[in-house]
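Residue numbers (UniProt numbering): 1 to 145.
We put the beta carbon where it would ideally sit given N, CA and C, even for glycine.
Only one structure is covered here, and it is reproduced in the block below.
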Amino acid sequence: SSRLPAFYDIPPAHDPLLHLLTTSIMKNGRYSKAAKITSDTLLYIHTYTRAPALPILRSAILMASPAVRNVRFKSGSKSQVRPYPLNERQRSKKGIDWLLAEVKGKMSGRTLQERLAREVIAIVRGDSPVLKLREDAHKLAMVNR
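Below, the structure written as structure tokens:
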């Protein structure tokens with residue numbers, strides 16, 4: 001009576017990256033609803049690609065995650081930027097936030113799960129606006145290092 005095919009590998013429930021994604025999706029403390037969105041997104045990714053979904057999601061978040069954050073500060077009358085390195089969790093969180101902001105701005109898919117899966121696949125293919133955000137952040141950091 002399971003709706004998943006027999007060959008589909010279900011990732012562990014305690015995966016840190018999935019937990020971070022789920023808590024980023026969550027609104028008003030509704031964790032179970034966010035967990036359902038996350039699992040359905042993995043199912044959509046698997047359906048679209050016919051490949052294991054978790055490695056695709058991991059690589060997409062890794063590709064979308066910046067290595068630095070750029071902090072603006074005033075020095076006299078001049079505004080300057082200073083890049084600061086991010087640790088792995090901060091990088092992943094920033095990449096997930098950019099991914100969700102891009103998905104929530106679109107209305108092309110029926111559900112959030114479907115839009116999220118399509119955006120993840122677009123990131124892996126290399127044609128997503130999220131990748132441009134990362135590239136711009138790195139360029140700004142290199143100019144102001």
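Does the region 104 to 121 come close enough to the region 73 to 87 to have 3 or more Cβ pairs within less than 8 Å?
The region 104 to 121 vs the region 73 to 87: no contact.
Integer-rounded CB distance, given that residue 65 should sit under 8 Å from residue 91
Between the beta-carbon of residue 91 and that of residue 65 there is about 4 Å, and that keeps the pair under the 8 Å contact cut.
Check whether the Cβ of residue 145 lies closer than 7 Å to any heavy atom of the ligand ZN, and answer yes or no.
This structure simply doesn't include the ligand ZN, nor any ligand for that matter.
Nearest neighbour of residue 41, chosen from 50, 123, 78, 113 [CA to CA]:
Ranking the options by Cα distance to residue 41, first place goes to 113.
For a test of the three-state rule: what should DSSP assign to residue 74, helix, strand or coil?
DSSP places residue 74 in strand when its eight states are reduced to three.
Identify, in the order they occur along the chain, each residue of the same chain with its Cβ nearer than 8 Å to the Cβ of residue 100, setting aside the five sequence neighbours on each side.
Listed in chain order, the non-local C-beta contacts of residue 100 below 8 Å within the same chain comprise 24, 25, 116, local neighbours out to five positions each way being set aside.
Residues bridged to residue 44 (per DSSP)
The partner list for residue 44 (beta bridge, DSSP) is empty, contrary to what the question assumes.
Anyone know if the C-beta pair for residue 133 and residue 123 falls short of 8 Å?
Cβ atoms of residue 133 and residue 123: not closer than 8 Å.
Where DSSP assigns a beta bridge to residue 79, which residues make up the other side?
Residue 79 is bridged to 74.
Note down, in chain order, each residue of its chain lying with its Cβ closer than 7 Å to the Cβ of residue 142, except the 5 sequence neighbours on either side.
There are no such residues.
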